[in-house]
Amino acid sequence: MSLGGLCYSFWIVCFLLPSFYSQADDRDNLPWILNKTLIQWLLIITAGINGAGAGVLWTSQGKFISECATDENKGIFNSIFWAFFMSANIIGNLTAALVLKSGSKQSNLFMLFAILAVFGSLLFCFLRLPNKKTGNALG
Amino acid sequence: MKYTNIGQVIIMSVGFTTLFTAFATCQNFASKVLSDDGFDNIGFTTLAVLYLVFSLCSFLSTAIVN
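Protein chains in written order, with our numbering: chain A, 1 to 139; chain B, 1001 to 1066.
The following block contains the structure:
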């Protein structure tokens, strides 16, 4: 398990990539003044990169939680994670409804979401190695 | 029952919450907004490409994470 030390430094770098690409995917909705076919291809390409990053993101998420948890509390750690994650849907759709209802433009909404995505991805920088006091940590 | 690493889990959960607040809502909006802006069905196409690459890269991502 101690070989996870080197894994995690690579792994947190891998964590950053999909978040920035999802942010780039949002940003491409903005400039519809630009060339249309360029935007279409950019959308498809960034969607592909975003999907590649999302695979890494979800795999590393499962690895991180299972390394943080012990056998007794792996259930509650996963439930905490999913509670936060599903509240993201509630908050996001409510803010979208409020922002669009208040009459502001779509571009403002996507700017807000891009900033939120960058902020969320920067939070992954602050993750540290989980300290293991018990032996069998991988659930 | 000890909760030794619960701070790390909460930090990661807050990160996921802010990230997917943006992403899930944009995903809901993508097909409607893009068809409103003059791109016909590109929202559905981009979402299909996204999840296609996602499902393919999930096989490979274990090697990347380790």
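No residue lacks a Cβ here, since even glycine has one placed at the ideal position from N, Cα and C.
Predicted model only: the values in this text are computed from it and were never measured.
Scanning L42/A, E67/A, I76/A, T95/A for the CA closest to the CA of F1020/B turns up T95/A. Residue burial annotation: A114/A is buried, with at least 16 other C-beta atoms found within 10 angstroms of its C-beta.
Contact with chain A is found for Q1008/B, since one of that chain's Cβ atoms lies less than 7 Å from the residue's Cβ.
Excluding residues up to 5 positions away in sequence, L1034 lie with their Cβ nearer than 7 Å to the Cβ of I1042/B in the same chain. For I1011/B and G55/A, the gap between their C-alpha atoms comes out near 20 Å.
Assigned with DSSP and collapsed to three states, Y1003/B falls in coil, not helix or strand.
What N50/A touches in chain B, judged by beta-carbon distance under 7 Å, is L1050, going in chain order. Look at S87/A here: in three-state DSSP terms it is helix. Listed along chain A are G55, V56, T59, each with a C-beta nearer than 7 Å to that of S1061/B.
Flagged as an interface residue toward chain A: S1058/B, by a C-beta distance shorter than 7 Å. Assigned with DSSP and collapsed to three states, N78/A falls in helix. Going by DSSP, G1043/B is part of the alpha helix (DSSP H) stretching over 1042–1065. In terms of CA proximity to L122/A, F1016/B leads the group N1005/B, F1016/B, L1050/B, T1004/B.
In the structure shown, the three-state DSSP call for T59/A is helix.
Legend: CB atoms of the stretch 1019–1043 of chain B lying less than 9 Å from CB atoms of chain A belong to residues L1019, F1020, T1021, A1022, F1023, A1024, T1025, C1026, N1028, F1029, A1030, V1033, L1034, D1036, D1037, G1038, F1039, I1042, G1043.
In this structure, G92/A sits near T1025/B, with a CB-CB distance shorter than 7 Å. Contacts with chain B at 7 Å (Cβ-Cβ) include I44/A.
Within the same chain, Cβ atoms closer than 7 Å to the Cβ of N78/A are found at I65, the five residues on either side in sequence being excluded.
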